[in-house]
Every structure is written in C-alpha cells, then in structure tokens.
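Participant: Residue numbers (this note's numbering): 1087 to 1421. Beta carbons: idealized from backbone N, C-alpha and C, even for Gly. In this text, all values refer to a predicted model and were calculated from it rather than measured experimentally.
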Amino acid sequence: MNEAALAYWEATGYTNEDLLSFCRKYDKTQLFGLLHFVHGDLSHITISSCLAECKQGHLGAWSEFLSEMAMQHPQGSSLHGSCILWAHDGLIGEPATNAHQAPLLTFGRHCHNAESLLIPDPSFLHSAGHVQKREEIHRADEDIPWERKLNSAFWRGAASSGGAGKKARFLESSRVRLALLSKEWNSPELLDAKITKAAEGGEVTKEDFEELGLFDELVPFSTFQRYRYQIDIDGVCCAWLSCFLKLASQSAVLKVESHYEQWYFDRLVPWVHFVPVSSNLSNLRERIEWLQNHDESARAIGMASHQLMKEFTLETEQQRTGDLLLRLLACQKDR
C-alpha cells in the first residue's frame, strides 16, 4: 500500500523545516503528533495545540506500539529522524491535498493520495491485533457453520457516512441509503440493514431514524455471523474494526466501493476475498442474488478472506511498520 508514497519521498526527500512548516499550518485545527526517533528510541512526541486541548485522537496506542516496535525490530536501533503521525480517523479534506509537503502516517487515506503512508488503525493496536475478537468469531462460526447461517445479507451500523448528520442531506448518505434500500425491498430473506446510532453532534437524531423505520438497537457481532453475507460500507472514513472482523469471519463480504483505504487493502482481491458492490449500491441486489445462487463460490470467498486475515497479527505489523519507518526516515535530508 505504501510503495508509491515511499518512492515519492525517496525521490524528493524532506527536511525538518518541511515538517515544522506543515505542523505550524495545522497546529490549532488538526490532531497530530510530530514523532522524533533518536537511534532507535522514540525520544519524544510534539503534539499539536488542537490535540493538547481536546485530548482526543489516537496517539496513545500508537506511541506504545512504536516504542515496542523499535525494541523488537532487528534494525530498530537504526530508526533516526522525524515524521508526522496523523491522529484523526483518516486523512481527509484540505490536509490531504497538502500531504506532499511532509510525510504523514495515517490510519486511512483517499486512494488518490499518493504521498501519505498507511499504518494499522488504533482498534487493531488496542486489541493486540483483535486477538480476543478473533477467538469469539471462531467460536461463533463453529456454533453456526455455513450450512446453518441465514441465506441473506445483514448490516447494522452508525449513520456516520458523509452528510448523515445534516437534516438536508442525511437521506443521501451511503449508510442511510443502504437502510432505505432494505426498507424499500422489504425482503429480509435478501437484505436486512438498519441504523443503530445517529451521527454524533449532528442535527439528525435517533428519533428521525425511528420515524422512518430505519432504526434498530445495537447488536453483538455474533448476530452478524448468523448470516452468510455481510456488508462493509464506509462511515466517515474506513470501517476499521467492523471491516476487519467481517473479513475475518467465514461469511462472504459484500464490500461497497470507496475512495478510502487501509493498510491491508492491497492484499484484498475482488471475487476472491470479497464481492465488490458499486458505491451507489445500484448492483447490490444483483450481487446478493449471485451469492445466493452460487453457494459454493460464496462459501469459498468467505473462507478465503478468513484465511487471509489470519496473516495480520500484531507481530507481523510491527515488522512491516518498522520496515516502513526505516525507509521513510532515511529520506530526511537533515536527520
């Protein structure tokens, strides 16, 4: 996922002033930290004023992960230099257009952003690579094997996609449109999709979704595993934990096309690890019916993604992140 970005920074290089200039520009408006490595030690992190004031973002999990990575990596002592860790859910908006000015480590990015570098998301790190969740998924799949799963598609999630918090636009957001399709089709044997939470701080409330018949209470992930087909659809950026767990289960994932990507998405192959669905959902019904009519293929897709996700552990990602940082920090001209 990061080869193009690494090639860019290896070709152009960067300086400490490039980093400081970017930090000054977004200090009061964005959540980030400037990481300083000194011969394998994460010596300190300079956080933005915005991060210091709101005490949000995802820097804590990552500072611990990086310190551990530097100690465990065979070449960890060679880590020397600085780069920026973007502490938002993803790199979007104006900062993304300026990602060519300084190297940014981010949990999610637009697919056309060729300069920022993808790293594992905090939910993966906080859970040591989703170890406990994977065990729960394995037990649920054993309790309800493929033959006993319902032959339909299922989705539950927050109304956090673009526009979902605005009264004038919330019916246009992708997740709300998915729930509306489910209501319109009125075919639970085909699709069951509902909103479980309104966008935080938005104009649209839980009651608005209830009035439209689109709301349902939050359910445990084991409920998803009762179904053969699960839908992955982005919120504000990528659906971190939800996407990973769906792919790690033995259900087949219908993945709605998105501009946003995470660190492992280059390993996912359409029609091998998931079934692609257009971003406007125009072919969703066709894809669900295809799965229902091709049971062996559907089962194979679910098993392929299940096996692939086993390859992503905290240890493998520490190694990959160390390799990434070694190459990136070597691009700093004045380290």
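Here's the rule: buried if 16 or more other CB atoms are within 10 angstroms of the residue's CB, otherwise exposed. What is Thr1407?
Facilitator: It counts as buried.
Participant: On the premise that Cys1136 lies in contact with Leu1120, defined as a C-beta separation below 8 Å, what is that separation, rounded to the nearest angstrom?
Facilitator: Not confirmed; about 13 Å, so no contact.
Participant: Can you tell me whether Asp1207 is helix, strand or coil according to DSSP?
Facilitator: In this structure, Asp1207 counts as coil in the three-state DSSP scheme.
Participant: Report the three-state DSSP secondary structure of Leu1377 (helix, strand or coil).
Facilitator: The answer is helix: DSSP assigns Leu1377 an H, G or I state.
Participant: Would you say Gln1378 and Asn1237 are within 9 Å of each other, going by their C-beta atoms?
Facilitator: Yes, they are a contact pair.
Participant: In the DSSP assignment, find the beta strand (DSSP E) that holds Gln1316 and state where it starts and stops.
Facilitator: Unbroken beta strand (DSSP E) run through Gln1316: Tyr1313 to Asp1318.
Participant: In three-state DSSP terms, what is Thr1183?
Facilitator: Thr1183 falls in the helix class under three-state DSSP.
Participant: Would you call the region 1167 to 1187 and the region 1385 to 1392 in contact, with 3 or more CB pairs under 8 Å?
Facilitator: No: fewer than three Cβ pairs fall under 8 Å.
Participant: Starting from Leu1191, trace the alpha helix (DSSP H) in both directions and tell me its first and last residue.
Facilitator: First-last for Leu1191: Leu1190 to Thr1192, but that is the beta strand (DSSP E), not the alpha helix (DSSP H).
Participant: With a Cβ-Cβ cutoff of 9 Å, do Lys1219 and Leu1333 count as a contact?
Facilitator: No, the pair does not count as a contact, with Cβ atoms beyond the cut-off.
Participant: Under 8 Å: do the region 1123 to 1132 and the region 1164 to 1178 share three or more Cβ pairs, one atom per stretch?
Facilitator: At 8 Å Cβ cutoff, the stretches touch.
Participant: Check whether the Cβ atoms of Asp1422 and Ser1328 lie closer than 9 Å to each other.
Facilitator: A question about residue 1422 goes unanswered here, because the residues of the chain that appear run from 1087 up to 1421.
Participant: Are there 16 or more other CB atoms within 10 angstroms of the CB of Trp1095, so buried, or fewer, so exposed?
Facilitator: It is buried - the Cβ of Trp1095 has at least 16 other Cβ atoms within 10 Å.
Participant: According to DSSP, simplified to helix, strand and coil, what is Leu1367?
Facilitator: Of the three classes helix, strand and coil, the one that applies to Leu1367 here is coil, per DSSP.
Participant: Which two residues bound the contiguous alpha helix (DSSP H) that contains Thr1291?
Facilitator: Note, Thr1291: premise wrong, no alpha helix (DSSP H); not H, not E.
Participant: Report buried or exposed for Asp1278, applying the criterion of at least 16 other Cβ atoms within 10 angstroms of its Cβ.
Facilitator: By the neighbour-count rule (16 or more Cβ atoms within 10 Å), Asp1278 is buried.
Participant: To the nearest angstrom, report how far apart Ser1209 and Glu1303 are at their CA atoms.
Facilitator: Those two C-alpha atoms are separated by around 22 Å.
Participant: Which residue or residues does DSSP assign as beta-bridge partners of Trp1172?
Facilitator: Partner(s): Phe1118.
Participant: Tell me the residue span of the beta strand (DSSP E) that contains Gly1243.
Facilitator: From DSSP, the beta strand (DSSP E) with Gly1243 extends over Leu1236 to Ala1244.
Participant: What does the alpha-carbon distance come out to for the pair Thr1402 and Ala1390?
Facilitator: Each residue's alpha carbon lies about 19 Å from the other.
Participant: With a CB to CB cut of under 7 Å and the five nearest residues on each side skipped, what residues in its chain are close to Gln1158?
Facilitator: So the qualifying residues of the chain are Gln1404.
Participant: Measuring alpha carbon to alpha carbon, tell me which of Asp1175, Lys1419 and His1392 ends up nearest Phe1360.
Facilitator: Of Asp1175, Lys1419 and His1392, the residue nearest in Cα terms is His1392.
Participant: Taking only the alpha-carbon atoms, compute the straight-line gap between Ala1245 and Leu1267 and give it to the nearest angstrom.
Facilitator: If you take the alpha carbons of Ala1245 and Leu1267, they lie about 15 Å apart.
Participant: How many Å lie between Cys1324 and Gly1176 at the Cα?
Facilitator: Answer to the nearest angstrom: the Cα atoms are 8 Å apart.
Participant: Starting from Ser1308, trace the alpha helix (DSSP H) both ways and give me its first and last residue.
Facilitator: Phe1307 to Phe1310 is the span of the alpha helix (DSSP H), which, as asked, contains Ser1308.
Participant: How many angstroms separate the CA atom of Asp1381 from the CA atom of Leu1354?
Facilitator: Going from the Cα of Asp1381 to the Cα of Leu1354 covers about 21 Å.
Participant: Specify the secondary structure class of Phe1398 as computed by DSSP and reduced to three states.
Facilitator: DSSP places Phe1398 in coil when its eight states are reduced to three.
Participant: Count the other C-beta atoms from every protein chain shown that fall within 10 angstroms of the C-beta of Gln1311, then say buried if there are 16 or more, exposed otherwise.
Facilitator: The residue is buried, with at least 16 neighbouring Cβ atoms inside 10 Å.
Participant: So, Trp1172 versus Phe1193, is the Cβ gap smaller than 9 Å?
Facilitator: Against a cut-off of 9 Å, the Cβ pair of Phe1193 and Trp1172 comes out as a contact.
Participant: Suppose contacts are defined by Cβ-Cβ distances below 9 Å. Is Gly1039 in contact with Arg1261 by that definition?
Facilitator: In the structure as shown, the chain begins at 1087 and stops at 1421. Residue 1039 is therefore absent and cannot be evaluated.
Participant: With a threshold of 7 Å on Cβ separation, who are the neighbours of Trp1349 within its own chain once the five nearest residues in sequence on each side are excluded?
Facilitator: Only Met1087, Leu1204, Ile1205 and Pro1206 meet the Cβ criterion.
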